[in-house]
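A.B. asks: Have a look at the structure that comes next, please.
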Amino acid sequence: MGFMNKQVFRVGFSLLMAFWVALGTLTQPAMALTSEQKLVSEVWRIVNRTYLDETFNHQNWAAVRQKVLEKPLKDSNASYEAIGKMLKSLDDPFTRFLDPEQYRSLQVNTSGELTGVGLQITLNPETGKLEVVAPIAGSPADKAGIRPRDRILKIEGVSTENLTLDEAATKMRGPSGSLVTLLIERDGEAETEIRLTRSRIALNPVVSDLRVSPEGTPIGYLRLTQFNANASTELAHAISSLEKKGADAYILDLRNNPGGLLQSGIEIARLWLDSGTIVYTVNRQGIQGSFEAFGPALTNDPLVILVNQGTASASEILAGALQDNGRAQLVGETTFGKGLIQSLFELSDGSGLAVTIAKYETPQHRDINKLGIKPDKVISQDPINREQIGTEADLQYQAAMELLKKNSVVAGKV
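Note that UniProt numbering numbers the sequence shown so that position 80 is 80, with each residue one more than the last.
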């Protein structure tokens with residue numbers, strides 16, 4: 001009987017050992033990921049947890065990860081390429097990987113200055129073409145006459161067809177004084193080659209000036225070119241200064257402002273509102289968050305906002321918030337229509353990941369993605385140069401002045 005017990009024990013022990021060995025063999029690849037595979041998995045987990053579209057563009061997201069990890073990744077460049085292909089399957093140009101250099105450049109874009117041609121760009125989700133959102137005011141691209149909606153076909157003779165946003169941006173950046181050639185396509189015109197000299201571009205986002213209408217009303221003119229980390233503070237200083245100088249009404253120029261930081265747009269909306277909802281955010285569970293104004297506003301004087309096709313993202317949040325709350329009237333052209341919110345994640349090797357985590361709706365629950373915001377008064381005009389902005393040649397600006405004149409009459413100021 002004792003012998004039988006020993007035999008049973010030996011057989012049972014052998015089977016148990018065999019099970020452990022088999023289990024170890026099955027799980028070893030998952031337990032021994034290379035650093036390159038770990039980076040892929042890190043990106044996959046972030047997207048899996050936060051991405052707006054819970055269908056992941058109608059595909060099995062776990063299977064995508066498995067397919068990527070099946071192939072050996074010999075170095076960081078191979079892992080970067082694999083991550084790029086994995087993200088491309090989402091068909092979302094705003095969800096993208098940034099290598100360490102690109103990640104540092106993006107941080108600079110929202111906080112300081114850059115050296116390049118001064119273009120904000122996007123990938124058109126319908127055509128796949130590299131498209132200009134807006135040139136930065138005073139930049140080489142702006143001075144060369146590049147416009148919103150222009151398509152960039154080639155950079156230094158290299159087709160942009162298969163480039164990511166960040167690859168295209170990297171090709172256009174370079175030392176101050178160096179040259180870069182772009183092949184531009186524009187509706188109704190032949191393809192044009194434009195040669196630009198790169199320069200250092202200061203990202204001072206606010207231009208302000210006290211002007212006088214033909215009727216003698218002091219008008220505070222404010223031009224906001226980007227929503228970077230300094231925008232809210234700089235605009236608050238400008239409004240306070242114009243108030244002290246006696247401004248009775250305001251024009252806020254958001255034309256060709258491609259956006260920037262969501263929080264900056266919210267803070268600037270609060271400068272103009274005593275109360276009210278600024279924006280709703282909707283994630284993939286449909287949960288709505290909201291950002292509110294809590295006052296007091298810096299001024300309650302009449303406000304007109306200038307917008308055009310280059311007014312995008314955070315600019316549209318601000319314009320939509322002030323329009324829906326009845327705080328401002330919009331003049332110009334229907335805006336760009338970027339209603340998606342990205343969050344930026346720093347990865348373990350110093351690279352970065354931008355992920356579309358939510359969409360936004362205006363206070364009246366308008367989803368403007370790909371639709372844009374229609375102005376209260378639509379005024380189209382041919383492109384004007386930088387020196388013509390805010391002059392008699394600027395039809396949209398003149399329409400804003402006329403609207404403020406009517407508002408002032410209604411308010412009994414003239």
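C-beta: ideal position from N, C-alpha, C; glycine also.
(1) Between G350 and the rest of its own chain, which residues show a CB-CB distance below 8 Å, the 5 nearest in sequence each way excluded?
(2) For the alpha helix (DSSP H) holding Q263, just list the boundary residues, first then last.
(3) Under the DSSP definition of a beta bridge, which residues are partnered with T277?
(4) If we ignore side chains and look at the alpha-carbon of each, how far apart do Q263 and T335 end up?
(5) Buried or exposed, going by whether 16 or more other CB atoms sit within 10 Å of the CB of F294?
(6) Comparing alpha-carbon positions, which option in A321, G259, K405 and E156 lies nearest Q309?
(7) Measure the C-alpha to C-alpha separation of R173 and S139 and round it to an integer number of angstroms.
(8) Is the CB-CB distance between A134 and N228 below 7 Å?
(9) Is there contact between the region 143 to 163 and the region 212 to 232, where contact requires at least three CB pairs shorter than 8 Å?
(10) Give the list of continuous alpha helix (DSSP H) stretches no shorter than 4 residues that lie fully inside the region 39 to 85.
(11) In chain order, which continuous runs of the beta strand (DSSP E) of length 3 or greater are located wholly inside the region 160 to 213?
(12) So, do the region 325 to 344 and the region 397 to 408 have three or more beta carbon pairs nearer to each other than 8 Å?
(13) With three or more beta-carbon pairs closer than 8 Å as the criterion, would you say the region 320 to 328 touches the region 67 to 74?
(14) Could you check if A32 is buried or exposed, using at least 16 other CB atoms within 10 Å of its CB as the buried criterion?
(15) Less than 6 Å between the CB of L222 and some heavy atom of the ligand GDP, yes or no?
(16) Identify the continuous beta strand (DSSP E) that holds G320 and give its terminal residues.
C.D. replies: If we stick to the structure as given:
(1) Your numbering for residue 350 matches position 350 in the sequence shown. Result list for G350: P100 and Y103, in chain order.
(2) Within the sequence shown, residue 263 is the residue found at index 263, counting from 1. For Q263, the uninterrupted alpha helix (DSSP H) run begins and ends at L262 to W272, by DSSP.
(3) Here residue 277 refers to the residue found at position 277 when the sequence shown is read from its first residue. T277 is bridged by DSSP to E292.
(4) Taking the first residue of the sequence shown as 1, we reach residue 263 at position 263. Taking the first residue of the sequence shown as 1, we reach residue 335 at position 335. In this structure, the straight-line span from the alpha carbon of Q263 to that of T335 is close to 20 Å.
(5) Here the question's residue 294 lines up with position 294 in the sequence shown. With fewer than 16 other CB atoms across the displayed protein chains lying within 10 angstroms of its CB, F294 is exposed.
(6) Residue numbering aside, residue 309 sits at position 309 when the sequence shown is read from its first letter. Comparing Cα positions, the closest option is G259.
(7) Residue mapping note: residue 173 aligns to position 173 of the sequence shown, counting from 1. Residue mapping note: residue 139 aligns to position 139 of the sequence shown, counting from 1. Cα-Cα distance, rounded: 13 Å.
(8) As a working mapping, residue 134 is identified with position 134 in the sequence shown. As a working mapping, residue 228 is identified with position 228 in the sequence shown. The criterion of a C-beta distance shorter than 7 Å is not satisfied by A134 and N228.
(9) Of all C-beta pairs linking the region 143 to 163 to the region 212 to 232, fewer than three are shorter than 8 Å, placing the two stretches out of contact.
(10) Those alpha helix (DSSP H) runs which fall completely within the region 39 to 85 and span 4+ residues are 61 to 70.
(11) Counting whole runs of 3 or more residues, the region 160 to 213 contains the beta strand (DSSP E) stretches 179 to 185, 192 to 197, 199 to 202 and 206 to 212.
(12) Enough Cβ pairs lie closer than 8 Å, so yes.
(13) Look at the beta carbons and you see the region 320 to 328 not touching the region 67 to 74: under three pairs across the two are nearer than 8 Å.
(14) Along the sequence shown, read from residue 1 onward, the residue named residue 32 stands at position 32. Counting Cβ neighbours within 10 Å, A32 comes out exposed, since fewer than 16 surround it.
(15) By its list of ligands, the structure shown contains no ligand whatsoever, and the ligand GDP lies outside what it can speak to.
(16) The residue given as residue 320 occupies position 320 in the sequence shown. Looking at the DSSP string, G320 is not in any beta strand (DSSP E); the run it does join, the alpha helix (DSSP H), is A314 to D324.
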